[in-house]
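Asks: Chains as they are written, first to last, in this note's numbering: chain A, 41 to 158; chain B, 2 to 344. Glycine is no exception: its CB is placed at the ideal position from the N, C-alpha and C atoms. Nothing here was measured: the structure is a model prediction, and the numbers come from that model. This is the structure I want to talk about, given as structure tokens.
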């Protein structure tokens, strides 16, 4: 579960498991739409939209302790804002991989939390 | 023993309760999980908090409901956090709205942009609960101060209005005083001119007032003036005005009265006073009090070169004539004939 900083998540949940699951669900529900925006922006080589979409994911991920996802989105935001080059599909691929890990990590975390408290 | 115990236990919580404020907060963030975390933290500290996910919605809600605190994200689609801050400061909301801006943006430039837009405080994301808790101390202090200030302001404004009113009323006769006259006469005159409406000025003076004071004392003199004012007030219509112009001199402004009408009104008041008892408190005695009146009116006695001041002078001269003619009577001013003068 290296994809999720559990300490951060427990902290913002104020040690309340139910609330933690609520937050994780809010994050999981919100993410597909944000990733879609990012994919489209990268596909269209739109640096401004890429920066905005990456920024949005950075914040949401950071909030629930998906630190690595937050970090690589931040890097994509930076490079897109600087408009050094068109957004690279490689960066997007890296984000997709990390997102898959985060989603899996969230699932495991939820299972552990519910079975532990049940 | 039980008393001591309860004292020891209750005191700190009582104090902290007296200190604690329940803030009504609005959390604005387009990331639902972030908004929820902030809301949950605020609620855990005893505050109430609502969440909206964009600036437009926030603004609509702020105009409808009073919020002490707004915690807003910077980057949002539509109206962003900066815009929201500016609009909150533009619209004059009742009470103070303390705004904390939350952003992943860092650095002095961003901090300054946020504060210049009208934010009170700036917090870096990811959201840190402890940091918000500490920053809320400042927020609470400022919100409390602001509410005390506006309360004090309201009180002062009320006091001021009261004083303004009081300073224009004669405490003895309970009618307008000379200051009120100076302030109101030119406006009164202009209104009458503009509406082409006549008005009368009656200068009314108590006969032999000094003798009355000397013989029966100043306390009785005051009582006479009080009673006199009561008689006059009860004789006037709501559109007329009475002023204590001098020591025992009362000036009346009679709306929509030509010279003859003002003269009749003055004479009615004169008769009423002459037939009113002025009892001496604690005795069976009652002095016979009379007044003399001089009357002038607009437009009959009006001279545009001297204006309303000339009218007051004419009424005063008429009063002088009434005194010389034996008192307890009403005299009118000489008609002003502009045609004769210009000829």
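So, residue 249 (chain B) versus residue 207 (chain B), is the Cβ gap smaller than 9 Å?
Replies: yes
Asks: Shorter than 9 Å from the beta carbon of residue 53 (chain A) to some beta carbon of chain B?
Replies: By this cut-off, residue 53 (chain A) is an interface position.
Asks: Taking a contact to mean a Cβ-Cβ separation below 9 Å, would you say residue 121 (chain A) touches residue 85 (chain A) in this structure?
Replies: no
Asks: Along the alpha helix (DSSP H) that carries residue 113 (chain B), what are the first and last residues, could you check?
Replies: Here the alpha helix (DSSP H) through residue 113 (chain B) covers 109-117.
Asks: Give the interface partners of residue 45 (chain B) over in chain A, defined as CB-CB distance under 8 Å, in chain order.
Replies: Listed along chain A are 54, each with a C-beta nearer than 8 Å to that of residue 45 (chain B).
Asks: Can you pull out the residues from the segment 72-98 of chain A whose beta carbon lies closer than 8 Å to at least one beta carbon of chain B?
Replies: 92, 95, 96 and 98
Asks: Does residue 135 (chain A) come out as helix, strand or coil in the three-state DSSP assignment?
Replies: helix
Asks: Can you check whether the C-beta of residue 37 (chain B) is within less than 9 Å of a C-beta belonging to chain A?
Replies: Yes, contact with chain A.
Asks: Quick one, are the C-beta atoms of residue 37 (chain B) and residue 62 (chain A) less than 9 Å apart?
Replies: yes
Asks: Which residues of chain B have a Cβ atom closer than 9 Å to the Cβ of residue 133 (chain A), listed in chain order?
Replies: By Cβ distance, chain B contributes nothing, its closest Cβ being about 23 Å from residue 133 (chain A), past 9 Å.
Asks: Hey, quick one: how far does the beta strand (DSSP E) through residue 50 (chain B) stretch, first residue to last?
Replies: 49-53
Asks: Roughly how many whole angstroms lie between the Cα atoms of residue 126 (chain A) and residue 108 (chain B)?
Replies: 26 Å
Asks: Which residues share a DSSP beta bridge with residue 287 (chain B)?
Replies: B:280
Asks: Comparing alpha-carbon positions, which option in B:265, B:91, B:328 and B:55 lies nearest residue 210 (chain B)?
Replies: Out of B:265, B:91, B:328 and B:55, B:328 has the C-alpha closest to the C-alpha of residue 210 (chain B).
Asks: Using beta-carbon positions only, say whether residue 203 (chain B) and residue 295 (chain B) come within less than 9 Å of one another.
Replies: It is a contact, given that the beta carbons lie within the stated cut-off.
Asks: Can you tell me whether DSSP reads residue 321 (chain B) as helix, strand or coil?
Replies: helix
Asks: Bridge partners of residue 206 (chain B), per DSSP?
Replies: B:250 and B:293
Asks: Which residues of chain B have a Cβ atom closer than 9 Å to the Cβ of residue 57 (chain A), listed in chain order?
Replies: The premise fails here: residue 57 (chain A) is roughly 13 Å from chain B at the closest Cβ pair, so nothing lies under 9 Å.
Asks: Between the beta-carbon of residue 94 (chain A) and the beta-carbon of residue 67 (chain A), is there less than 9 Å?
Replies: Using a Cβ distance threshold of 9 Å, residue 94 (chain A) and residue 67 (chain A) do not count as a contacting pair.
Asks: Suppose you measure from the CA of residue 283 (chain B) to the CA of residue 321 (chain B); what does that come to, to the nearest Å?
Replies: Approximately 35 Å between the Cα atoms of the pair.
Asks: Return the residue from the list B:334, B:205, B:228 and B:24 that minimises the CA-CA distance to residue 137 (chain B).
Replies: B:24
Asks: Tell me, please, whether the segment 241-258 of chain B touches the segment 152-168 of chain B by the rule of three or more beta-carbon pairs shorter than 8 Å.
Replies: With a cut-off of 8 Å, the segment 152-168 of chain B and the segment 241-258 of chain B do not count as touching, because too few Cβ pairs lie within range.
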